[in-house]
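The sequence shown: position 121 = 448 (my numbering), numbered continuously. All C-beta atoms in this analysis are idealised placements derived from N, C-alpha and C, irrespective of residue type, glycine included.
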Amino acid sequence: MSKAQSKPEVEKPEIEEVEDDQLNRAIEELRGVLSEEEKRPSAASTAAAGNNSVIFGIPVEVQIVLGSTEMPVSELMALQKGSTVALDRRIGEPVDVVVNGRRIARGEITVLESDPSRFGIRLTEIVAATKSA
328 MSKAQSKPEV EKPEIEEVED DQLNRAIEEL RGVLSEEEKR PSAASTAAAG
378 NNSVIFGIPV EVQIVLGSTE MPVSELMALQ KGSTVALDRR IGEPVDVVVN
428 GRRIARGEIT VLESDPSRFG IRLTEIVAAT KSA
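Spelled out as structure tokens, the structure:
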């Protein structure tokens with residue numbers, strides 16, 4: 328039987344240290360690039376910010392709903408000047424703030440301090456947004 332000759336292990340600490348240093352420098356350089364990319368606004372966010380001025384300029388219909396009622400067409404046709412229509416809300420109950428047909432808030436009617444001849448709404452509740460089907 329012959330003895331298998333084993334090669335003595337040669338230590339290569341200098342090579343490993345050099346490779347580790349290069350790897351560490353590459354990692355740090357990559358971190359720096361990523362950090363710079365995070366700071367730079369993306370084209371999408373820049374476009375979105377530019378569109379905000381367009382979007383914020385779109386007019387919406389805002390209505391303050393005091394109340395509502397249902398009546399037969401015959402009663403509706405009988406209404407005349409001076410007729411009174413009873414609503415489903417009482418004096419002092421909150422009114423709905425409706426934007427483009429969707430209730431977004433509730434509030435109470437108030438008189439404007441700057442112009443006592445005009446009404447205003449003091450918001451008392453913002454309605455949570457819900458997804459519509």
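Could you give the C-beta distance for residue i and residue j, rounded to a whole number, given that I count them as a contact under 8 Å?
i      : j      : result
Gly434 : Val422 : 6 Å
Leu450 : Ala432 : 5 Å
Gly394 : Arg416 : 4 Å
Val387 : Val426 : 5 Å
Use the C-beta contact count for residue i: other C-beta atoms within 10 angstroms, 16 or more gives buried, fewer gives exposed.
i      : result
Val424 : buried
Leaving out five residues on either side along the sequence, give the residues of the same chain with a beta carbon under 6 Å from the beta carbon of residue i.
i      : result
Glu397 : none
Ser329 : Unreliable placement is indicated for Ser329, whose pLDDT of 49 sits below 50; no coordinate value is reported for it.
Leu439 : Arg445, Gly447
Leu403 : none
With a CB to CB cut of under 8 Å and the five nearest residues on each side skipped, what residues in its chain are close to residue i?
i      : result
Val454 : Arg430, Ile431, Ala432, Arg433
Glu452 : Pro421, Ala432, Arg433, Gly434
Using 9 Å as the limit for Cβ to Cβ distance, is residue i near chain D?
i      : result
Thr411 : Absence of chain D from the displayed structure is noted, only one protein chain being present.
Hey, quick one: how far does the alpha helix (DSSP H) through residue i stretch, first residue to last?
i      : result
Val389 : It is not in any alpha helix (DSSP H) - Val389 instead sits in the beta strand (DSSP E) that spans 389 to 392.
Met404 : 400 to 405
Near residue i, which residues of its chain fall below 7 Å by C-beta distance, leaving aside the five closest residues on each side in sequence?
i      : result
Leu357 : none
Within the segment 410 to 452, ranges of the beta strand (DSSP E) (whole runs, at least 3 residues): Counting only runs of 3 or more, we get 422 to 426, 429 to 438.
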